[in-house]
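Accompanying notes for the structure given below.
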Amino acid sequence: PIKEIGYFEYTDSADIVPPNLARSNSVMIFDDVACHKQNEIREHFCFGRHKNNDCFYLCQTYSAIPKQLIRDNANLIVLFQQDQTNLKHVHEDHVNVDMPFDRFKEMCVRCWNDKYGFLVIDKESDMNSGRYRKGFDCYILI
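1 is the number of the first residue of the sequence shown in full-length UniProt numbering; add one for each residue after it.
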């Protein structure tokens with residue numbers, strides 16, 4: 001272990017340290033918490049940036065992620081294979097201004113053809129400068 005890096009695990013969302021008490025430059029990873037109370041987690045997505053903290057929300061089903069404050073504040077989406085319903089939610093939330101659903105679905109399928117393949121949507125990047133990627137490194141030009 002590195003002395004300057006701490007690891008804190010919480011099994012109950014009520015025990016999560018509030019954003020105003022979290023250490024600056026922290027990385028918060030919320031894994032498989034879709035069934036837990038979301039208030040504390042939402043606060044990190046809303047206020048964590050004031051302390052330069054990054055949040056990762058890991059979930060098997062996109063539509064299970066609360067839309068307001070979590071899905072709406074995401075700036076990087078890593079999308080493994082999804083069913084049609086979840087894919088439509090992603091398209092509606094993040095992609096519909098860039099391309100029609102059928103084109104988005106085709107792009108996803110091409111990314112998912114590789115073993116463990118995934119699509120990345122980087123909402124802070126311009127359209128042909130990394131907004132859509134196959135994996136993290138291969139830019140998709142639209």
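For glycine and all other residues, C-beta sits at the position ideal for the given N, C-alpha and C.
Range covered by the beta strand (DSSP E) that runs through residue i
{"i": "residue 28", "result": "27-31"}
{"i": "residue 77", "result": "76-79"}
Distance cut-off 7 Å: residue i Cβ against heavy atoms of the ligand GDP
{"i": "residue 112", "result": "Among the components of this structure there are no ligands whatsoever, and the ligand GDP is therefore not found."}
Where the alpha helix (DSSP H) containing residue i begins and where it ends
{"i": "residue 102", "result": "101-112"}
{"i": "residue 88", "result": "84-90"}
{"i": "residue 70", "result": "Here residue 70 belongs to no alpha helix (DSSP H), and DSSP marks it neither H nor E."}
Residues bridged to residue i (per DSSP)
{"i": "residue 23", "result": "Paired residues: none, contrary to the question."}
{"i": "residue 57", "result": "30"}
{"i": "residue 133", "result": "120 and 139"}
Residue i versus residue j: straight-line alpha-carbon distance, rounded
{"i": "residue 10", "j": "residue 4", "result": "20 Å"}
{"i": "residue 102", "j": "residue 49", "result": "35 Å"}
{"i": "residue 134", "j": "residue 117", "result": "8 Å"}
{"i": "residue 23", "j": "residue 40", "result": "16 Å"}
{"i": "residue 109", "j": "residue 81", "result": "8 Å"}
{"i": "residue 100", "j": "residue 8", "result": "42 Å"}
{"i": "residue 147", "j": "residue 63", "result": "Outside the displayed span of the chain (1 to 142) sits residue 147, for which this structure offers no information."}
Distance between beta carbons of residue j and residue i, contact taken as under 8 Å
{"i": "residue 27", "j": "residue 54", "result": "5 Å"}
{"i": "residue 84", "j": "residue 66", "result": "Actually they are not in contact, since the Cβ atoms of residue 84 and residue 66 sit about 21 Å apart, beyond 8 Å."}
{"i": "residue 121", "j": "residue 87", "result": "That pair is no contact at about 12 Å."}
{"i": "residue 107", "j": "residue 119", "result": "7 Å"}
Given 8 Å, three or more beta-carbon pairs between the region 92-105 and the region 49-60: The region 92-105 is not in contact with the region 49-60.
The region 37-50 / the region 64-78 touching (three or more Cβ pairs under 8 Å): In the pairwise beta carbon analysis, the region 37-50 is classified as touching the region 64-78: at least three pairs are separated by under 8 Å.
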